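Contents: one structure, followed by commentary.
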Amino acid sequence: MEPPVPAVGDVRVPVALVLPVPPKLAYLISSTRGGGARRMQRTLQAVYHPWNYYLLHLDRAAPVAEQRELARFDVREQPVMFAAVKNVLVVAKPNLVTYRGPPMIAATLHGAAILLRKAKDWDWFINLSASDYPLVTQDGEYSL
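For the sequence shown, UniProt numbering gives the first residue as 1, with consecutive numbering after it.
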């Protein structure tokens with residue numbers, strides 16, 4: 001018995017030609033002091049896709065100037081798609097993170113909890129440092 005052939009309009013399309021829905025990704029992009037806010041913005045712009053969700057976390061130990069810079073990072077001033085889609089969030093009360101041990105795990109779990117509360121329809125969680133940079137575009141990643 002052959003699998004059913006879905007109909008698209010008046011045309012019957014073979015199952016092999018019907019594309020699957022790509023997964024929705026939830027990104028936590030974290031950084032610490034020393035240009036962290038700028039690096040986070042750069043990483044966000046590199047991995048951004050309107051289909052996904054993004055949470056930015058700047059370590060509580062970051063200098064006040066960097067915290068203000070991230071607070072001023074208004075997605076409405078970024079490319080039009082950032083404001084239209086509203087899928088970029090900033091952690092309001094960041095954790096104090098040391099990159100060895102439990103505080104890092106706690107910050108990651110805190111980020112995942114925020115994303116689960118604010119955006120429930122994602123499939124995969126990706127934890128990035130602001131120093132990370134993608135090797136392929138989001139559309140290229142979906143085609144892999």
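For glycine and all other residues, C-beta sits at the position ideal for the given N, C-alpha and C. Bear in mind the structure is a predicted one, so any value in this text is a computation, not a measurement.
Around the beta carbon of residue 97, 16 or more other beta carbons sit within 10 angstroms, so the residue counts as buried. DSSP, read as helix, strand or coil, puts residue 71 in helix.
For residue 26, the uninterrupted beta strand (DSSP E) run begins and ends at 25-31, by DSSP. The beta carbon of residue 95 sits closer than 7 angstroms to those of 60, 103, 106, 107 and 110, all from its chain and outside the five residues before and after it, given in chain order. One thing to note: residue 130 has its Cβ within 8 angstroms of the Cβ of residue 40. Taken through DSSP and simplified to helix, strand or coil, residue 90 comes out as strand. Taking C-beta separations shorter than 7 angstroms and ignoring five residues to either side along the sequence, the partners of residue 67 in its chain run 58, following chain order.
Less than 8 angstroms divides the Cβ of residue 128 from the Cβ of residue 29. In terms of Cβ geometry, residue 91 and residue 44 do not form a close pair [threshold 8 angstroms]. Judged by DSSP secondary structure, residue 57 falls within the beta strand (DSSP E) whose first and last residues are 53-58. Under DSSP, the beta-bridge partners assigned to residue 126 are 27. Put simply, of 38, 71 and 121 the residue whose alpha carbon is nearest the alpha carbon of residue 132 is 38.
Under DSSP, no beta-bridge partner is assigned to residue 42. Assignment of residue 100 by DSSP, reduced to helix, strand and coil, places it in the coil class.
Annotation for residue 32: 58, 59, 61, 62, 97 and 99 place their beta carbon closer than 8 angstroms to its own, counting only its chain and skipping 5 residues before and after.
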